[in-house]
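Novice: Can you keep this structure in mind? I'll have questions shortly.
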Amino acid sequence: MEGSKRCFSNKTDRIISHFKKCVHFIAETTAKKREEIFKLVNVPK
Numbered sequence: 001m002e003g004s005k006r007c008f009s010n011k012t013d014r015i016i017s018h019f020k021k022c023v024h025f026i027a028e029t030t031a032k033k034r035e036e037i038f039k040l041v042n043v044p045k
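The sequence shown runs 1 to 45 under my numbering.
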């Protein structure tokens, strides 16, 4: 699937997906902060 784009329903989903894979984000945040941020995906808009 090289070169194909992934479809995200909104920017929040795309950003959260990036954060889950980003070693720099994980290194700079606490587990509690990450949990709080990842909960944003489930917040109704």
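Positions of the beta carbon are idealized from the N, C-alpha and C atoms, including for glycine.
Taking only three categories from DSSP, how would you classify residue 9?
Specialist: coil
Novice: Tell whether a beta-carbon distance below 7 Å holds between residue 16 and residue 41.
Specialist: yes
Novice: Determine the extent of the alpha helix (DSSP H) in which residue 41 is found, giving its start and end residues.
Specialist: Run containing residue 41: none; DSSP gives neither H nor E here.
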